[in-house]
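Right, one structure below, let's go through it.
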Amino acid sequence: MRVFKDGYGFVGLIVILLFGFLTLGLGAPTEAAAYEVKIAAPLSDSVVNGTVAISLKMKSSTSFANVYVDGVYLASTPNAISWQTTDVANGMHTISAKAYDSSNQVIGTSSRSVHVKNKATPTPTSTSTPTPAGGVSITSPKSGATVSGTVSIAVQYVAPVSWLNFYIDGTWVASSPPYTYAWNTTGVANGQHAIAVNGYNSSNALVATTAMNVNIQNGSGPTPTPAPTGSATPKPTASPSSSATPGYYSLLPSGSALPSDSQCAAGVAGDTFEPVPGNAVPNNTMMTASDLSTYSSEASGGEGGSPGSYLTRADGKFTGTTDAILKWASCKWGFDENVTRATAVNETHWIQPHIGDVGNGTSLGILQIKSSDYPSTCESVASSQNTNDVTKSDCYSYLSTAFAADYKLAQQRACFEGQVSYLTSDTPSSGYPTYPNGTSDQMMWGCVGWWYSGHWYDSGALSYISQVQGYLSAQTWLQPGGVGN
Numbered sequence: 001m002r003v004f005k006d007g008y009g010f011v012g013l014i015v016i017l018l019f020g021f022l023t024l025g026l027g028a029p030t031e032a033a034a035y036e037v038k039i040a041a042p043l044s045d046s047v048v049n050g051t052v053a054i055s056l057k058m059k060s061s062t063s064f065a066n067v068y069v070d071g072v073y074l075a076s077t078p079n080a081i082s083w084q085t086t087d088v089a090n091g092m093h094t095i096s097a098k099a100y101d102s103s104n105q106v107i108g109t110s111s112r113s114v115h116v117k118n119k120a121t122p123t124p125t126s127t128s129t130p131t132p133a134g135g136v137s138i139t140s141p142k143s144g145a146t147v148s149g150t151v152s153i154a155v156q157y158v159a160p161v162s163w164l165n166f167y168i169d170g171t172w173v174a175s176s177p178p179y180t181y182a183w184n185t186t187g188v189a190n191g192q193h194a195i196a197v198n199g200y201n202s203s204n205a206l207v208a209t210t211a212m213n214v215n216i217q218n219g220s221g222p223t224p225t226p227a228p229t230g231s232a233t234p235k236p237t238a239s240p241s242s243s244a245t246p247g248y249y250s251l252l253p254s255g256s257a258l259p260s261d262s263q264c265a266a267g268v269a270g271d272t273f274e275p276v277p278g279n280a281v282p283n284n285t286m287m288t289a290s291d292l293s294t295y296s297s298e299a300s301g302g303e304g305g306s307p308g309s310y311l312t313r314a315d316g317k318f319t320g321t322t323d324a325i326l327k328w329a330s331c332k333w334g335f336d337e338n339v340t341r342a343t344a345v346n347e348t349h350w351i352q353p354h355i356g357d358v359g360n361g362t363s364l365g366i367l368q369i370k371s372s373d374y375p376s377t378c379e380s381v382a383s384s385q386n387t388n389d390v391t392k393s394d395c396y397s398y399l400s401t402a403f404a405a406d407y408k409l410a411q412q413r414a415c416f417e418g419q420v421s422y423l424t425s426d427t428p429s430s431g432y433p434t435y436p437n438g439t440s441d442q443m444m445w446g447c448v449g450w451w452y453s454g455h456w457y458d459s460g461a462l463s464y465i466s467q468v469q470g471y472l473s474a475q476t477w478l479q480p481g482g483v484g485n
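1 is the number of the first residue of the sequence shown in the working numbering; add one for each residue after it.
Structure representation (structure tokens):
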């Protein structure tokens with residue numbers, strides 16, 4: 001036994017046993033008290049089949065929790081959560097949960113593995129988990145291993161997998177290439193954590209997934225943060241090694257409570273990364289109260305397919321560096337900040353005064369808002385299509401970087417929440433879900449593509465999504481000369 005090896009001897013053993021009995025007698029802490037969130041059912045390593053009820057234990061500090069299967073978002077509390085196991089292949093699968101406080105910050109995680117054993121290995125029917133024609137597997141570290149420090153996550157894959165997403169506890173941390181990922185485990189609390197990898201084909205369809213648990217053991221362990229620090233978190237700074245980077249904002253599921261302007265402003269404080277100094281004037285321009293009133297009146301009826309209730313929440317009330325603005329808007333609307341950064345690269349290479357689509361509606365701002373489709377953002381150019389009118393005071397999408405990012409992500413959130421009703425009549429490309437019936441990830445990417453094509457997973461949207469994902473993988477904004485040109 002360990003106590004003899006550690007030199008405690010027989011007396012030490014007796015003391016430990018007596019202490020254990022006394023602790024039981026006095027009332028040991030319950031399992032729920034040790035966790036912000038704990039998966040109560042199903043039990044770890046149990047055999048499950050059919051429809052499985054997933055229940056959680058949560059402390060009062062937890063506002064809501066997200067549940068994932070193999071790193072893919074499934075559902076959120078307070079709704080009852082059930083998992084249809086016939087949508088996955090027989091074998092081991094990982095259920096994980098994340099607890100969030102009232103400010104939508106991650107305050108705890110939990111995960112466990114179960115063995116799915118249905119009568120016959122099914123062909124997955126869910127569009128979120130197609131039958132893998134290829135495969136992906138984590139070769140290092142080993143499942144269940146105890147690790148510390150920086151851990152190399154190595155992956156093998158076979159065709160038609162062409163690129164990968166890496167996840168830690170259900171949160172995206174990197175994309176391939178390369179096909180290995182250095183995870184700094186000192187950024188998370190000691191204990192069990194889930195590693196997951198999704199494999200995608202050249203059309204960006206999910207074709208394979210794998211997940212496993214490891215046990216982190218680093219000294220005394222740090223206070224958990226919303227996202228791993230160090231190399232595990234993409235750094236919005238000139239040097240990825242900078243220690244001044246605020247917390248990372250990830251995709252919030254449908255129906256989530258969204259943070260306020262001020263919460264997000266506080267969350268991005270300290271982000272001084274500015275690769276495009278030429279944006280200085282629009283980066284420090286906000287709408288006047290009169291301008292905001294005029295805009296709200298025009299946008300309240302909705303436009304571009306989105307309800308006015310989303311659009312009137314966009315106010316652009318923030319100033320800062322270009323990176324801080326993109327991060328702030330991502331926080332406010334519950335989107336992954338690096339997806340926003342990559343979209344801005346694809347649209348303008350982060351140049352706020354860029355003017356595009358001249359003669360075809362005229363698109364303005366860092367995320368290219370087309371004035372003909374969204375007239376409330378620049379009434380002057382919407383009416384005249386004269387680019388000389390971009391300097392008029394009602395051309396908010398050109399004059400203010402924060403408003404441009406705020407408005408675009410308001411439209412994207414309305415789309416993500418299933419509020420753009422005309423998309424329900426679109427027929428998507430083969431293999432993609434109809435609107436709004438996709439997984440959280442499919443809805444997010446579908447709405448990114450919709451901004452370009454105006455349709456749901458058509459060929460134009462798929463091409464645009466692929467371009468954005470390329471910039472996301474390369475993190476172009478961190479490369480010398482990657483933006484601003």
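All C-beta atoms, glycine included, are put in the ideal place defined by N, C-alpha and C.
Notebook entry, point to check: Q479 lies in the beta strand (DSSP E); which residues open and close that run?
Noted result: It is not in any beta strand (DSSP E) - Q479 carries neither H nor E in the DSSP assignment.
Checklist line | Extent of the continuous alpha helix (DSSP H) run through L164 | finding: Looking at the DSSP string, L164 is not in any alpha helix (DSSP H); the run it does join, the beta strand (DSSP E), is W163 to I168.
Next item on the list: Verify whether the separation of the beta carbon atoms of A324 and V281 is less than 8 Å.
Entry: no
Next item on the list: In angstroms with no decimal places, state the Cα-to-Cα distance between A405 and Q412.
Entry: 11 Å
Next item on the list: Measure how close the beta-carbons of T94 and G50 come, nearest whole angstrom, since I'm counting them as under 8 Å.
Entry: Not confirmed; about 19 Å, so no contact.
Check: Got a sec, what are the start and stop residues for the alpha helix (DSSP H) S397 sits in?
Finding: Y396 to L399
Next item on the list: Report the option in G305, T312, M286 and N283 whose CA atom is closest to the CA atom of Y295.
Entry: T312
Next item on the list: Write down the C-beta distance between G154 and T171 rounded to the nearest angstrom, noting that I regard them as a contact closer than 8 Å.
Entry: According to the sequence shown, residue 154 is Ala rather than Gly. Not really, about 20 Å apart at Cβ, beyond 8 Å.
Checklist line | Anticipated Cβ contact below 8 Å, L56 with T77, distance rounded | finding: 6 Å
Item checked: Reference V197, options V72, L258, A65 and A265, closest by Cα -> V72
Check: Are the Cβ atoms of Y181 and V173 separated by less than 8 Å?
Finding: yes
Item checked: Q475 to A342 span [Cα, whole Å] -> 7 Å
Margin query: So, for L434: in the same chain, excluding its five sequence neighbours on each side, which residues have a beta-carbon less than 8 Å away from its beta-carbon?
Written below: Position check: residue 434 holds Thr in this sequence, whereas Leu was assumed. Around T434: T424, D426, T427, P428 and W456.
Margin query: So if DSSP puts Y73 in a beta bridge, which residue, or which two residues, is it bridged to?
Written below: Y68
Check: Exposed or buried, which one is T109 when buried takes at least 16 other CB atoms within 10 Å?
Finding: buried
Notebook entry, point to check: Can you name, in chain order, every residue of its own chain whose Cβ lies under 7 Å from the Cβ of N485, other than the five neighbours on each side?
Noted result: H349
Next item on the list: Look up V37 in the DSSP assignment and say whether it is helix, strand or coil.
Entry: strand
Item checked: Buried/exposed call for Y398, threshold 16 Cβ in 10 Å -> buried
Notebook entry, point to check: Relative to the alpha-carbon of Q156, which residue among N165, G149, L367 and G316 has its alpha-carbon at the smallest distance?
Noted result: N165
Check: Got a sec, what are the start and stop residues for the beta strand (DSSP E) L206 sits in?
Finding: L206 to I216
Notebook entry, point to check: Where does the unbroken beta strand (DSSP E) through I81 begin, and where does it stop?
Noted result: I81 to Q84
Next item on the list: In the DSSP assignment, find the unbroken alpha helix (DSSP H) run with S143 in it and report its ends.
Entry: Note, S143: premise wrong, no alpha helix (DSSP H); not H, not E.
Margin query: Less than 7 Å between C-beta atoms, sequence neighbours within five positions excluded: which residues of the same chain meet that for L472?
Written below: S175, N338, V339 and A342
Check: Can we say the segment 314 to 329 touches the segment 256 to 271, given the rule of at least three CB pairs closer than 8 Å?
Finding: yes
Item checked: Per-residue DSSP class, three states only, for L512 -> In the structure as shown, the chain starts at 1 and stops at 485, and residue 512 therefore has no counterpart that could be examined.
Checklist line | Buried versus exposed call for N386 [16 or more other C-beta atoms within 10 Å across all chains shown] | finding: exposed
Next item on the list: Note down the Cα distance separating I366 from Q419, rounded to an integer number of angstroms.
Entry: 24 Å
Item checked: According to DSSP, residues forming a beta bridge with M92 -> H115
Notebook entry, point to check: For T146, which residues of its own chain have a beta-carbon under 7 Å away from its beta-carbon, when the five flanking residues on both sides are left out?
Noted result: N215 and Q217
Checklist line | Nearest-angstrom beta carbon gap, D394 and D291 [assumed within contact, 8 Å] | finding: 7 Å
Checklist line | W492 (DSSP reduced to helix, strand or coil) | finding: This structure gives no information on residue 492, because the portion of the chain shown stretches from 1 to 485.
Item checked: Test item: CB-CB of V259 and C331 under 8 Å -> The residue you asked about is not Val; residue 259 is Pro in the sequence shown. Yes. Within cutoff.
Notebook entry, point to check: Using CA coordinates, which residue listed in A194, N201 and F416 is at the minimum distance from A159?
Noted result: N201
Item checked: Alpha carbon of W477 to alpha carbon of F273, nearest angstrom -> 10 Å
Notebook entry, point to check: Just to confirm, are I168 and A97 a CB contact at a threshold of 8 Å?
Noted result: no
Notebook entry, point to check: Can you check whether the CB of S111 is closer than 8 Å to the CB of A194?
Noted result: yes
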